[in-house]
Amino acid sequence: MKKVIYIFSDGELKRQDNTLKFHCEETNRFLPVEDISDIFVFGEVSFNKKLLELLSQKEILLHYFNYHGYYMGTFYPREHLNSGYMILKQAEFYQDKLKRLELAKAIITGALKNIRQVLKYYDNRGKELKSFLERIEEYEAQIDSCREITELMAVEGNARECYYQAFDIIIDNKDFVFEQRSRRPPKNHLNSLLSFGNSIIYTMVLSEIYKTHLDPRIGFLHSTNFRSFTLNLDIAEIFKPILVDRAIFTLLGKKMITKKDFEKNMEGIVLKDGAKRLFAEEIDGKLKTTIKHRELGREVSYRRLIRMELYKLEKHLMGEREYKPFVARW
Amino acid sequence: MFVILVYDVNVKRVNKVLKKARKYLNWVQNSVLEGEISDANYKKLKMELQKVINEEEDSCLFYTFRTTRYTNRESMGVKKGGEGVFI
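In order, the protein sequence lines correspond to chains Z and B. Residues 47 to 376 in the working numbering are what the first sequence spells out, letter by letter. Residues 95 to 181 in the working numbering are what the second sequence spells out, letter by letter.
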């Protein structure tokens with residue numbers, strides 16, 4: 047599978063000899079353009095149009111984040127998989143209230159099942175999480191009776207709140223208490239980790255959507271608006287617990303990230319560069335991890351699983367096979 | 095597939111080979127590149143190199159591995175180039 051490049055240093059990204067070159071004070075590195083699918087830019091990087099031309103030609107997405115590590119945007123090359131048919135199907139399922147609800151329910155069911163899987167693991171490891179597991183299960187049972195997307199969102203919100211409460215027991219570190227979910231800007235350390243991790247997953251899913259016929263602007267759980275991509279948010283719901291949250295537990299459990307890795311500014315708490323890099327490395331490692339796929343009978347990486355999730359969605363939209371969300375087995 | 099490319103070509107063509115190979119593989123040290131590559135790109139790389147080299151006097155060697163699981167890579171001295179996706 048093609049690689050993702052993460053640039054944290056400041057420098058210049060150039061097109062040279064029909065490939066990419068990153069030029070900065072410490073290194074002068076050529077990056078094999080044929081083996082790259084996305085570039086995440088966190089540092090202060092300058093580039094020009096001829097670089098963008100090459101990226102377009104090679105269908106490489108360039109995601110950029112601002113100084114504080116917030117997602118700012120994506121250089122989304124010309125669509126290479128154009129399908130009017132798929133857009134119409136997507137719109138049809140979006141506009142039909144029942145069809146949309148059905149899909150949204152499937153997505154939330156997947157998300158909650160994966161949440162339970164994460165909790166179950168720590169419960170087996172001797173953390174007292176039985177009550178949380180039961181509550182999540184109750185919320186899961188409520189999904190079926192929802193008649194409106196808003197109702198569904200409420201159930202999801204409550205379930206997530208309950209799930210985040212469990213973080214305090216799992217992490218068990220007084221420097222990283224949950225308190226409540228706060229975003230834009232995150233008000234405590236744990237929240238800023240969550241925000242950063244989630245934004246990486248959102249963009250990673252967007253990259254995978256680019257490689258399918260789907261249009262990222264039409265989501266099903268999140269309502270389509272004038273501003274942002276939403277389909278990637280939908281699919282990310284399923285993968286957030288198993289990718290981001292697990293990465294957080296690992297980093298905090300091994301004390302790889304501590305309170306010193308944050309700084310306070312502008313009302314919020316943000317991660318320092320070194321910690322961002324560690325976190326990105328952890329998530330990247332997770333995405334590369336392979337598991338044996340039961341149906342295919344071969345090893346697939348988590349990154350591939352995201353793509354397969356989109357293919358399943360396409361199949362559902364075309365009426366070939368009903369969409370069943372991915373649920374982790376451990 | 096993982097591939098190690100080693101080349102020994104006439105000075106006139108060293109740069110040409112390097113430029114072609116850098117699109118697909120990571121430069122490790124003079125005349126050596128390595129990296130993960132897909133079957134299709136491997137073919138493309140070989141074709142591109144074929145066009146550049148003079149088959150009478152140049153040589154390119156490819157060592158391919160289905161997986162790197164059973165290999166080990168040790169290095170001594172200066173690290174000149176290499177992989178790594180975090181810059």
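Beta carbons are placed, not taken as given, at the ideal position from N, Cα and C, and that holds for glycine.
- Only those residues of the stretch 252–271 of chain Z whose C-beta falls short of 9 Å from the nearest C-beta of chain B would be listed, and there are none.
- Rounded to whole angstroms, the Cβ separation of residue 363/Z and residue 132/Z is 7 Å, and the two are in contact under 8 Å.
- The continuous beta strand (DSSP E) containing residue 96/B extends over residues 96–102.
- Counting C-beta pairs closer than 8 Å gives fewer than three between the stretch 101–112 of chain Z and the stretch 133–152 of chain Z, which falls short of the contact rule.
- Spatial neighbours of residue 285/Z in its own chain (CB-CB distance under 7 Å, excluding positions within 5 residues in sequence) are listed in chain order as 247 and 352.
- Listed along chain B, the residues sitting closer than 8 Å to residue 78/Z by beta-carbon distance are 116, 117, 118, 119, 120 and 129.
- Restricting attention to beta strand (DSSP E) runs no shorter than 3 residues, the stretch 78–102 of chain Z encloses them at 82–87, ordered along the chain.
- Residue contact with chain B for residue 327/Z: present (Cβ-Cβ distance below 8 Å to some residue of chain B).
- Using beta-carbon distances, residue 135/B counts as an interface residue toward chain Z, with a partner under 8 Å.
- For residue 157/B and residue 177/B, the gap between their C-alpha atoms comes out near 17 Å.
- In the DSSP assignment, the residues bridged to residue 154/B are 101/B.
- For residue 49/Z, at least one C-beta of chain B is nearer than 8 Å to its own C-beta.
- Between the stretch 285–302 of chain Z and the stretch 328–337 of chain Z there are three or more inter-stretch CB-CB distances shorter than 8 Å, so the stretches are counted as touching.
- Collapsing the DSSP output to three states places residue 337/Z in a strand.
- Counting other Cβ atoms within 10 Å of its Cβ, residue 259/Z reaches 16 or more and is therefore classed as buried.
- Between residue 150/Z and residue 266/Z, the CB-CB gap stays under 8 Å.
- When Cβ-Cβ separations below 8 Å define contact, residue 222/Z makes no contact with chain B.
- Residues of chain B with a Cβ closer than 9 Å to the Cβ of residue 65/Z are, in chain order, 113, 116, 117 and 118.
- Going by DSSP, residue 346/Z is part of the beta strand (DSSP E) stretching over 345–347.
- Bounds of any alpha helix (DSSP H) do not take in residue 121/Z; it lies within the beta strand (DSSP E) bounded by 117–121.
- About 6 Å separates the Cβ atoms of residue 216/Z and residue 173/Z, confirming a contact at the 8 Å cut-off.
- Distance from residue 334/Z to residue 349/Z at the Cβ level is roughly 7 Å; contact confirmed, criterion being Cβ atoms closer than 8 Å.
- Here residue 170/Z has no same chain residue with a Cβ atom under 6 Å from its own Cβ, once five neighbours each way along the sequence are excluded.
- The C-beta of residue 181/B comes closer than 8 Å to at least one C-beta of chain Z.
- Straight through space, the alpha carbons of residue 96/Z and residue 154/B are spaced by roughly 31 Å.
- With the criterion set as a beta carbon lying under 8 Å from some beta carbon of chain B, the members of the stretch 308–328 of chain Z are 323, 326 and 327, in sequence order.
- Pairing residue 109/Z with residue 87/Z gives a Cβ-Cβ distance under 8 Å.
- Note on geometry: alpha-carbon atoms of residue 137/B and residue 167/Z lie some 44 Å from one another.
- Distance from the CA atom of residue 149/B to the CA atom of residue 143/B, rounded to whole angstroms, is 10 Å.
- In this structure, residue 79/Z lies near residue 117/B, with their beta-carbon atoms less than 8 Å apart.
- Annotation: residue 254/Z to residue 262/Z spans about 10 Å, alpha carbon to alpha carbon.
- Interface with chain B (8 Å Cβ-Cβ cutoff): residue 344/Z is excluded.
- Taking a Cβ-Cβ cut-off of 7 Å, the neighbours of residue 53/Z in chain B comprise 181, given in sequence order.
- Annotated as distal: residue 93/Z and residue 181/B, with beta-carbon spacing of 8 Å or more.
- Sixteen is the threshold: since fewer than 16 other Cβ atoms of the shown chains lie within 10 Å of the Cβ of residue 165/B, the residue is exposed.
- By the neighbour-count criterion, in which 16 or more other beta carbons inside 10 Å mark a residue as buried, residue 187/Z falls on the exposed side.
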